[in-house]
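Everything in the sequence shown is counted per our numbering, starting at 2 for the first residue and increasing by one.
Ideal placement from N, C-alpha and C gives every residue a C-beta, glycine not left out.
This report concerns only the one structure given below.
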Amino acid sequence: MSFSFEVVKIESSGARRGRLNTPHGSIETPFFLPVGTQATVKGLRNEALEELGAEIILANTYHLYLRPGHELVRRLGGLHKFMSWPRAILTDSGGYQVFSLSELRKITDEGVHFRSHLDGSEHLLTPEKAAEIQLALGSDVAMVLDECIETPAPREKAEAALKRTTEWARRARVYFQECARRNGDLSQWQFGIVQGATFADLRRASARQLLELEFPGYAVGGLAVGEPHETTCEMTAEVTVLLPKDRPRYLMGVGRPEQIADYVSLGIDMMDCVLPTRAARHACLYTSEGRVLIKNARYAQDQRPIDPRCACSVCGRYSRAYVRHLFAAGELTAAILATHHNVHFYLDIMRRIREAIEFENLANFSAEMHARYAAGPA
């Protein structure tokens, strides 16, 4: 199967139903990517991910570059073979992780000089290097290197980061296209990333500049990093209205369960977030009635499943009392069961959103989710 993207329905809200076809399978949009930073989704075997219906996962270029190394992965047949994952993979550029190093990195127009958090070794991550690493990994979708800045940010800093992000995107695109000319079909799509902090005019400028580079897909980055949800939506809307209708749109690093439908209504097709797996490890479970903080003493004798409305295998077999006991005892199984449930919950949200779009009912679905989660933990 080759790459293609098609929109099969657009709801009155602007929400889209579609299909992203990749060499490793077809994915119904909108979809959620479980985060597998180091070539594994924490707490889940690939067999479990397949059982849950995950069609695509996200892996992290920065971490895989440092360990085990992209050349080793390439020699072992690429990331799909290395991690025994037959379905699609998206890799981010590693930019967010490098910029998070703070004291260990220096940004120039050339790229980002940084020290490894593992052994202190020095590295230079350029737009070309990020593209090279991801081609070696063999992911289906690769993200260009962009400059991530804090929010809120001074306008001057946002303008400088935007200028650099556009130039880096151009260099990454040139490198990718030159590799394609030399080697033929690369079996990879490269996405550009719109930046601009929380300045609407900069967001629009970034989108217009990236459109000139003709990426097959576009991401909205640098959001959901502390700004209000309303601002995230406002900045996203400024961008999606400018993006081509025939290209996938990816909102990076979102979001909370009750917010996902809001992003979809803005025309977003794909999103990722560590929240379902991270929250699970901290005993926070997402349910149809809101969050369940399972360590709470009120669940010590609760024989109900985590979510009576959930069809996952964990809810079909284990009680809240048992899962609470596992967390209290410090058992690894606690995080495994919680992660399985939370990832299922997120993937099921996407299924229900796709269904709601089909029946022009997304606004009602969104209102119900906000109402259930506004009340606090269940």
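Measure the C-alpha to C-alpha separation of Ala298 and Arg321 and round it to an integer number of angstroms.
In the sequence shown, counting from the first residue as 1, residue 298 sits at position 297. In the sequence shown, counting from the first residue as 1, residue 321 sits at position 320. Spanning the two alpha carbons is a distance of roughly 11 Å.
For Arg156, which residues in the same chain have their Cβ closer than 7 Å to its Cβ, ignoring the five residues on either side in sequence?
As a first step, residue 156 must be located in the sequence shown, where it is residue number 155. The residues are Phe200.
Please report the straight-line C-alpha distance between Leu45 and Gly317, rounded to a whole angstrom.
Locating residue 45 in the sequence shown gives position 44, where the first residue counts as 1. Locating residue 317 in the sequence shown gives position 316, where the first residue counts as 1. When the Cα atoms are used, Leu45 and Gly317 turn out to be separated by approximately 17 Å.
On the DSSP letters alone, give me the boundaries of the beta strand (DSSP E) that Leu125 sits inside.
Stepping through the sequence shown from its first residue, residue 125 is reached at position 124. Start and end: 123 to 126.
Between which two residues does the alpha helix (DSSP H) carrying Lys158 extend?
If you number the sequence shown from 1, residue 158 lands on position 157. Boundaries of the alpha helix (DSSP H) harbouring Lys158: 156 to 184, taken from the DSSP string.
Determine which residues share a DSSP beta bridge with Asn61 and list them.
Position 60 of the sequence shown, counted from the start, is the residue given in the question as residue 61. Asp93, per the DSSP bridge assignment.
Residue range of the alpha helix (DSSP H) that Ala379 falls in?
The sequence position of residue 379 within the sequence shown is 378, counting from 1. Run containing Ala379: none; DSSP gives neither H nor E here.
Taking the continuous alpha helix (DSSP H) assigned at Phe83, which residues delimit it?
Indexing the sequence shown from 1 puts residue 83 at position 82. Unbroken alpha helix (DSSP H) run through Phe83: 80 to 83.
Would you decide whether His283 is buried or exposed? Buried here means 16 or more other CB atoms lie within 10 Å of its CB.
Reading the sequence shown from its first residue, position 282 is the one you call residue 283. Exposed, by the Cβ-count rule.
With DSSP collapsed to three states, give me the class of Met144.
Here residue 144 corresponds to residue number 143 of the sequence shown, with the count starting at 1. Strand, per DSSP.
Which whole-angstrom value is the C-beta distance of Val221 and Thr232, which I expect to be below 8 Å?
One-based indexing of the sequence shown puts residue 221 at position 220. One-based indexing of the sequence shown puts residue 232 at position 231. About 13 Å; that fails the 8 Å criterion.
Looking only at C-alpha atoms, which of Asp147, Gly15, Gly19, Leu214 sits nearest to Ser5?
Counting from 1 along the sequence shown, the entry for residue 5 is found at position 4. When only C-alpha atoms are compared, the closest one is Gly19.
Go to Asp333, then tell me how far its alpha helix (DSSP H) extends in each direction, as first and last residue.
Taking the sequence shown and counting its residues from 1, the one referred to as residue 333 is at position 332. For the record, residue 333 in the displayed sequence is Leu; it is not Asp. Counting along the chain, the alpha helix (DSSP H) containing Leu333 begins and ends at 333 to 359.
So the candidates are His124, His81, Glu228; which of them puts its Cα closest to the Cα of Pro24?
As a working note, residue 24 is residue 23 in the sequence shown. Closest by alpha carbon: His81.
Using the Cα positions of Ala49 and Leu34, report the straight-line distance between them to the nearest angstrom.
Position 48 of the sequence shown, counted from the first residue, corresponds to residue 49. Position 33 of the sequence shown, counted from the first residue, corresponds to residue 34. Taking the straight line from one Cα to the other gives about 15 Å.
Since Val195 is in the beta strand (DSSP E), which residue starts that stretch and which ends it?
Working through the sequence shown from its first residue, we reach residue 195 at position 194. Here the beta strand (DSSP E) through Val195 covers 190 to 195.
Starting from the C-beta of Arg310, find all residues in its chain whose C-beta is less than 6 Å away, skip the five residues before and the five after it, and write them out in chain order.
Taking the sequence shown and counting its residues from 1, the one referred to as residue 310 is at position 309. Ser289, listed in sequence order.
Which of the three DSSP states is assigned to Glu52 in this structure?
Along the sequence shown, read from residue 1 onward, the residue named residue 52 stands at position 51. Glu52: helix per DSSP, three-state reduction.
To the nearest angstrom, how far is it from the Cα of Thr340 to the Cα of Asp202?
What you label residue 340 is simply residue 339 of the sequence shown in a count that begins at 1. What you label residue 202 is simply residue 201 of the sequence shown in a count that begins at 1. Approximately 39 Å, taken between the alpha carbons.
Whose C-beta lies closer than 7 Å to the C-beta of Leu91 among residues of the same chain, with five residues either side of it excluded?
The residue labelled residue 91 in the question sits at position 90 within the sequence shown. Excluding positions up to five away in sequence, the list reads Leu34, Ile57, Leu59, Ser140, Asp141, Val142.
Go through its chain and collect everything with a Cβ distance to Asp93's Cβ below 7 Å, but skip five positions before and after it.
Counted from its first residue, the sequence shown places residue 93 at position 92. Excluding positions up to five away in sequence, the list reads Leu59, Asn61, Thr62, Met144.
When DSSP labels each residue in this structure, what does Val255 get in the three-state scheme?
Residue mapping note: residue 255 aligns to position 254 of the sequence shown, counting from 1. Here Val255 sits in coil by DSSP.
On the criterion of 16 or more Cβ atoms from any shown chain inside 10 Å, does Lys158 qualify as buried, or is it exposed?
As a first step, residue 158 must be located in the sequence shown, where it is residue number 157. Exposed, since its Cβ has fewer than 16 Cβ neighbours within 10 Å.
Can you list, in chain order, the residues of its chain with a C-beta nearer than 7 Å to that of Gln260? Leave out the 5 residues immediately preceding and following it.
Stepping through the sequence shown from its first residue, residue 260 is reached at position 259. Cβ neighbours of Gln260 beyond the five flanking positions: His230.
Should His342 and Leu276 be called a contact, given that it needs their Cβ atoms to be closer than 8 Å?
If you number the sequence shown from 1, residue 342 lands on position 341. If you number the sequence shown from 1, residue 276 lands on position 275. Not a contact, by the Cβ cut-off of 8 Å.
When the distance is taken between beta carbons, is His64 closer than 8 Å to Thr38?
The residue you call residue 38 lines up with position 37 of the sequence shown. The residue you call residue 64 lines up with position 63 of the sequence shown. Their beta carbons are under 8 Å apart, which means Thr38 touches His64 by this criterion.
Tell me the DSSP bridge mates of Asp451?
Outside the modelled stretch of the chain, which goes from 2 to 379, sits residue 451, for which no answer is possible.
For Ala201, does the three-state DSSP call read helix, strand or coil?
Position 200 of the sequence shown, counting from 1, holds the residue named residue 201. Helix at Ala201.
Judging by CA-CA distance, which residue of His371, Arg325, Ala55 is the nearest neighbour of Val293?
Numbered from 1 along the sequence shown, position 292 holds the residue referred to as residue 293. Selected option, being the one with the closest Cα: Arg325.
By DSSP, does Ser5 sit in helix, in strand, or in coil?
Taking the first residue of the sequence shown as 1, we reach residue 5 at position 4. In the structure shown, Ser5 sits in a strand (DSSP, three-state: E or B).
Do Ser207 and Leu196 have their beta-carbon atoms positioned less than 8 Å apart in this structure?
Start at 1 with the first residue of the sequence shown, and residue 196 comes out as number 195. Start at 1 with the first residue of the sequence shown, and residue 207 comes out as number 206. In the sequence as displayed, the identity of residue 196 is Gln instead of Leu. Going by C-beta atoms, Gln196 is nearer than 8 Å to Ser207.
Specify, as a first and last residue, the run of the alpha helix (DSSP H) that His326 falls within.
Within the sequence shown, residue 326 is the residue found at index 325, counting from 1. Segment 321 to 329, the alpha helix (DSSP H) holding His326.
Where does Glu104 sit, in a helix, a strand or coil, going by DSSP?
Numbered from 1 along the sequence shown, position 103 holds the residue referred to as residue 104. The three-state reading of DSSP puts Glu104 in helix, counting H, G and I together.
Am I right that Glu148 and Thr166 are in contact with their C-beta atoms under 8 Å? What's the rounded C-beta distance?
The sequence position of residue 148 within the sequence shown is 147, counting from 1. The sequence position of residue 166 within the sequence shown is 165, counting from 1. Sure, about 5 Å apart at Cβ, within 8 Å.
Can you look up Arg68 in the DSSP assignment and give me helix, strand or coil?
As a first step, residue 68 must be located in the sequence shown, where it is residue number 67. If DSSP states are grouped into helix, strand and coil, Arg68 belongs with coil.
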